[in-house]
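These notes are about the structure you will find just below.
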Amino acid sequence: MTALTTAANRGLASCHVCYKLAPTTVHQCPRCGSTMHLRKNDSIQRTLALLVTACLLYIPANLYPIMYTDQLGSTEASTIMGGVILLIELGSAPIAMVIFIFSVMVPSGKLMAMFYLVWTVKRHSPLDPRQRSIMYRVTEFIGKWSMVDVFVVSILVALVHLGGLLVIRPGVAALSFAGVVIVTMIAAESFDSRLIWDNMEEKNSDN
Amino acid sequence: MITRDIGHSGEIACHSCDLLVHVGTLRHGESASCPRCGCFLTRYRDDAYHRILAFASAGLLFLVLANSYSFLSFSSTGLESVMTLRETPGALWNNDMPGVAMLVTAFIIVIPAGVLLLMLALSSALIQGIYHPWLAPIAKSVFLAQNWSMVEVFIIGVIVSLVKIAAMATVVVGASFWAYTAFAICFTAAVANLDRYQCWERIEALGAG
Chain A
99 MTALTTAANR GLASCHVCYK LAPTTVHQCP RCGSTMHLRK NDSIQRTLAL
149 LVTACLLYIP ANLYPIMYTD QLGSTEASTI MGGVILLIEL GSAPIAMVIF
199 IFSVMVPSGK LMAMFYLVWT VKRHSPLDPR QRSIMYRVTE FIGKWSMVDV
249 FVVSILVALV HLGGLLVIRP GVAALSFAGV VIVTMIAAES FDSRLIWDNM
299 EEKNSDN
Chain B
45 MITRDIGHSG EIACHSCDLL VHVGTLRHGE SASCPRCGCF LTRYRDDAYH
95 RILAFASAGL LFLVLANSYS FLSFSSTGLE SVMTLRETPG ALWNNDMPGV
145 AMLVTAFIIV IPAGVLLLML ALSSALIQGI YHPWLAPIAK SVFLAQNWSM
195 VEVFIIGVIV SLVKIAAMAT VVVGASFWAY TAFAICFTAA VANLDRYQCW
245 ERIEALGAG
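The listed protein sequences correspond, in order, to chains A and B. Numbering-wise, our numbering puts 123 at position 25 of the first sequence, and it's gapless, one number per residue. Numbering-wise, our numbering puts 117 at position 73 of the second sequence, and it's gapless, one number per residue.
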């Protein structure tokens, strides 16, 4: 690993917005005017705080109904998991899988992956940094796909309003679930994946 | 005439692991990835800004069309209700969900439309090779906003909704749905052709000369 030099080794910081390299003594990017940092500010603390917020929002998102179906005078409330079960009962297993993956597996998996990454960086874990980098990139990419359920609710609310016969209304969980998705997206953005590699270099220089 | 633009040093610090990578001059269609962590770094295309200009203007036209017709219509026992793209946030707003209404509008219409408009301005200036002081702030906004567009997620949402209510009643897909799908494809293609490193190098080169 001796042949590989990082920007930090050479006293250079890379702009987050335009990738311009400038000495770490420069605080404003000479090309795009953004504030420059060697690493994102308080990355671990910010990410952790946002992850805890997302976990708290995740509770009402799953306990409260995401939508109500008013059919001929009777009201039926359905939660996220309830919707998945209903779809399986209706016989549309593939769509139930889509909703299950995007609304249950992706958000919870993403929270776990981010907690794991923060934890390994804090512990200076020697685990394969390349694999953790890939894990971070997948987490970052997949984040917005959980919004599918919120969009489904908005479409159904706008589409299904047949007077007293059949009406679909949104539930509180739609707002908290949108919150979970947005907060985890910001959490992924505030995590600096270069910290994964910094640890390893410290280890190398110690030896 | 577009002149080849590379950085003064031709070096990029990988934004995933901070490794300094010498990219040098890339030829048309070539791309560079980080040798240590595998992260994609940059791709050079001779015609990138022409492609962006084409996809962005087509995308904006499709978005106008998507707002002009019915998106989906739903009928059961003689009653019919129609959904248009413009009325979708309004329905949420009327159901005491102004927060969700604004978020949905931002993610599926306002942010993607804004990004396309800015890309239109950016790509035409870069094709002409004229430096403007507004190029840097526009490019900055494009790169900050593009991650927050959710057009492709919305398409999946429409398909899931279709299957969900197909059992209850008859659902007909309107012209707006196809226009929105075309808009989503154009948007994705325009964003895929905009390379962050090459774009900034070009803006810098124009500013210097």
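Cβ coordinates follow ideal geometry from the N, Cα and C atoms, glycine included. All figures in this text were calculated on a predicted structure; none of them were measured in a lab.
Beta-bridge annotation (DSSP): Y166 of chain A is paired with A:A175, A:R267. Residues of chain A whose Cβ lies closer than 8 Å to the Cβ of V195 of chain B do not exist; the shortest such Cβ separation is about 10 Å. Contacts with chain B at 8 Å (Cβ-Cβ) do not include W217 of chain A.
Contacts with chain A at 8 Å (Cβ-Cβ) do not include S114 of chain B. In terms of Cβ geometry, N111 of chain B and R130 of chain B form a close pair [threshold 8 Å].
Here the alpha carbons of Y234 of chain A and M283 of chain A stand approximately 12 Å from one another. Taking a beta-carbon distance threshold of 8 Å, T103 of chain A counts as an interface residue toward chain B.
Our two residues, M203 of chain A and Y214 of chain A, have alpha carbons roughly 16 Å apart in a direct line.
Here A223 of chain B has F106, L109, A110 as same chain residues with Cβ atoms under 6 Å from its own Cβ, once five neighbours each way along the sequence are excluded. Taking each of B:V216, B:H176, B:A249 in turn and checking the Cα distance to S117 of chain B, the smallest one comes out for B:V216. Between the C-alpha atoms of A249 of chain B and G54 of chain B there is a straight-line separation of about 13 Å.
A Cβ-Cβ contact shorter than 8 Å links Y166 of chain A with T173 of chain A.
Counting along the chain, M127 of chain B sits inside the beta strand (DSSP E) bounded by residues 123-127. About 7 Å separates the CB atoms of I253 of chain A and T132 of chain B; that is less than 8 Å, so the two are in contact. Here E248 of chain B carries a helix assignment [DSSP, helix/strand/coil]. Within the region 82-113 of chain B, the residues whose Cβ lies closer than 8 Å to some Cβ of chain A are G82, C83, listed in chain order. The three-state reading of DSSP puts H66 of chain B in strand, counting E and B together. Of the candidates B:V202, B:A189, B:A183, B:V202 places its Cα closest to the Cα of V246 of chain A. A check of alpha carbon separations from T69 of chain B across B:P142, B:I247, B:Q242 identifies B:Q242 as the nearest.
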